[in-house]
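Residue numbers (the numbering used here), protein chains in the order written: chain L, 1 to 272; chain U, 1001 to 1272.
Think of the CB as a built atom: it goes at the ideal place given N, C-alpha and C, for glycine as much as any other residue.
Before any comments, here is the structure.
Protein chains: 2
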Amino acid sequence: MTARVRPLFRWCCLCCLVSLWAAAAAADQEPDADDRITQVSVINALMLGRYDGTTTLSDLLAVGDFGLGTLDRLDGELIVLEGVAYQVRATGAVIEVDPETTSPFAVVTRFGADGELACPEGASLEAIDRFLDDKILERNNFVAIRIEAELATAVLRSVAAQERPYRPLAEVAKSQSVWRHERMRGTLVGIRSPQWTEGIAVPGYHWHFLSADRRVGGHLLECTVRTGTIRYDICGDWTVKLDQSRGFNAPDLGTDLRDEVEGVETRRGVPK
Amino acid sequence: MTARVRPLFRWCCLCCLVSLWAAAAAADQEPDADDRITQVSVINALMLGRYDGTTTLSDLLAVGDFGLGTLDRLDGELIVLEGVAYQVRATGAVIEVDPETTSPFAVVTRFGADGELACPEGASLEAIDRFLDDKILERNNFVAIRIEAELATAVLRSVAAQERPYRPLAEVAKSQSVWRHERMRGTLVGIRSPQWTEGIAVPGYHWHFLSADRRVGGHLLECTVRTGTIRYDICGDWTVKLDQSRGFNAPDLGTDLRDEVEGVETRRGVPK
């Protein structure tokens, strides 16, 4: 290459690199996506037994690195933490989820902390809920909550994959697997939804847990925290993914299932 | 430039162009955005008098070219059609909205027809609602509906900009401006929301109208269609933009305002 042409060549290369970087950056991130919470389906559809997955984990991980939910055929509890999706099966086994697996109900966001709080020592899950009510006043926004904690006790549950014809969730939950653990380090993955999302989201607090060694997890029914650090992310945009199938459009999703949702998703304590 | 270098230069230019095109294309369009319906705030916040705009028209037009709503301080009715935002003031004047104007409540989508229907001749607005109930069975999805029509009669309304302290919408609507027109060609801009969106969206049908000459418009209270063509777009993703201000988080948005919403947004006929 002649000396006269070399600067021109360098300039072209630079342009190419800048353009490619811009393309990659734009494709990688939706506008505002960091402040969006994305939900698959509505809770009443799940309550009524709509357990067939509709959105792949790969699509969910594209819009969130933190969250919770369940998997195709209600096959266990889903925990999304640091961009990795974990399934806690009814046997208690924790496995990484294949990106092609689908979910019938899940809530995820790209977690970026808006604030940090020390968790009150010795607090029960109920006490944590009340503590957060007092500290995070954005009651008409969604809040993603991550607590790194040492737990004195934890009561966890999961459910087994279902077969058609599907029974309603309140009935399936009667045969859930429940475990009690002591002295455990890990992460509480929580979503707080506004009270007015009744029938669509789970109003109030919904908690899942994953141990630091990724060996124990599930829907958190009860716990006692020894020490913990709370980080929370207030989400501005709420996206609900609705499927257009006949099955989704058939049921009356306006049915009042408040008691059932509370019983399955937010009621505290070990079921009798 | 030497003959040896010319092909290299051309190759570089081509790479630059392709990369720039990819960057522009990626930045221009969110994934799935064509199937998304985006809503500013929740209807109960508007009902309770939250009239200060939170989202610019420019941001709304980036995610939708079709829709309806209102403007900052409740200054008239908003109609978004073919990517242009129109404001119908309480005086009846129709003007194009400045992109920096904000909206406290609006619903928009990128309209792409999923189906087409002939409008029943001589139908009232009530009859159109029932006709669409029978034809579009996706009752748990949002549907954007565009009707190009010759109207025999149309009853339209708009409201005047409000001043603080804001009164609730049901009260403000009592002093709305109402016009009756005959023989008018134009577009009915409609959004159908599922019944279970109560308190968040406007369940059922919400209609605005804009004449073909862009001189007459408003919230449509009643009409008789001579002839018309209906096109509709079923929307899969529903995004609700929630603002994080103290003002938005203060009120109890779970208040039951069904009667008030129906009275202001979906009740048919001319108010007494």
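- For U/PHE1142, there is no enclosing alpha helix (DSSP H); the residue is part of the beta strand (DSSP E) that begins and ends at 1142–1158.
- By the rule that beta-carbons nearer than 9 angstroms mark a contact, U/VAL1240 touches chain L.
- Per DSSP, U/LYS1135 lies in no beta strand (DSSP E) segment; the continuous alpha helix (DSSP H) that holds it begins and ends at 1125–1135.
- The region 1100–1116 of chain U makes contact with the region 1231–1245 of chain U; the number of CB pairs closer than 8 angstroms reaches 3 or more.
- For the 9 angstroms CB-CB criterion, L/ILE79 and L/ILE191 do not form a contact.
- Within chain U, no C-beta atom comes less than 8 angstroms from the C-beta of L/TRP207; the nearest is roughly 22 angstroms away.
- The region 1194–1203 of chain U and the region 1157–1167 of chain U do not touch, with fewer than three beta-carbon pairs separated by less than 8 angstroms.
- Within chain U, the C-beta atoms nearer than 8 angstroms to that of L/GLU138 come from GLN1244, ASN1249, in chain order.
- Here the alpha carbons of L/ALA173 and L/ASP256 stand approximately 18 angstroms from one another.
- In terms of beta-carbon proximity, U/GLU1262 stays away from the interface with chain L, with every pair separated by 9 angstroms or more.
- Between the region 1180–1188 of chain U and the region 1237–1248 of chain U there are fewer than three C-beta pairs closer than 8 angstroms, too few to call the two in contact.
- Contact of U/PHE1142 with chain L is assigned, a C-beta pair being separated by under 9 angstroms.
- Contact check for U/THR1056 and U/GLU1100: beta-carbon distance about 6 angstroms, within the 8 angstroms limit, so the pair qualifies.
- For U/SER1058, the enclosing alpha helix (DSSP H) stretches over residues 1057–1063.
- The residue among L/THR229, L/SER193, L/VAL225, L/CYS223 with its C-alpha nearest the C-alpha of L/GLU262 is L/SER193.
- Taken through DSSP and simplified to helix, strand or coil, U/GLY1186 comes out as strand.
- In the structure shown, the three-state DSSP call for U/PHE1248 is helix.
- ILE234, CYS235, GLY236, ASP237: these are the residues of the region 223–237 of chain L whose beta carbon lies less than 9 angstroms from some beta carbon of chain U, given in chain order.
- When secondary structure is reduced to three states using DSSP, U/VAL1172 falls in the helix class.
- Every alpha helix (DSSP H) of 4 residues or more that sits fully in the region 1037–1098 of chain U is shown, in chain order, as 1043–1047, 1057–1063.
- According to the DSSP assignment, L/ARG226 belongs to the beta strand (DSSP E) that extends over 217–235.
- Burial is judged here by how many other beta carbons sit within 10 angstroms of a residue's own beta carbon; U/ARG1089 has at least 16 and is buried.
- Take L/ASP75, set aside five residues on each side of it, and the residues of its chain with a beta-carbon closer than 6 angstroms to its own are ALA161, in chain order.
- Chain U places a beta carbon closer than 9 angstroms to that of L/PRO194, counting this residue as a contact.
- Between L/PHE248 and L/ARG73, the C-beta gap is not smaller than 9 angstroms, which leaves the two residues out of contact.
- In this structure, the beta-carbon distance from L/PHE105 to L/CYS119 does not fall below 9 angstroms.
- Across the set L/TYR205, L/THR229, L/ASP52, L/ARG164, the C-alpha of L/TYR205 shows the shortest separation from the C-alpha of L/GLU222.
- Contacts with chain U (Cβ-Cβ distance below 9 angstroms) from the region 175–202 of chain L involve PRO194, GLN195, TRP196, THR197, GLU198, GLY199, ILE200, listed in chain order.
- For U/GLU1265, no alpha helix (DSSP H) run applies, since DSSP gives it neither H nor E.
- The beta carbon of U/GLY1064 sits closer than 7 angstroms to the beta carbons of THR1038, VAL1080, VAL1108, THR1109, ARG1110 from its chain, once the five residues preceding and following it are set aside; these are given in chain order.
- Rounded to whole angstroms, the gap between the alpha carbons of L/GLY67 and L/ALA144 is 8 angstroms.
- The beta carbon of L/ALA152 lies closer than 6 angstroms to those of THR224, ARG226 in the same chain, with the five residues before and after it left out.
- At the C-beta level, U/ARG1215 and U/THR1187 stay beyond 9 angstroms of one another.
- One thing to note: L/THR70 has its Cβ within 9 angstroms of the Cβ of L/LEU46.
- Rounded to the nearest whole angstrom, the C-alpha separation of U/GLY1228 and L/ILE136 is 51 angstroms.
- Under the three-state reduction of DSSP output, U/ARG1192 falls in the strand class.
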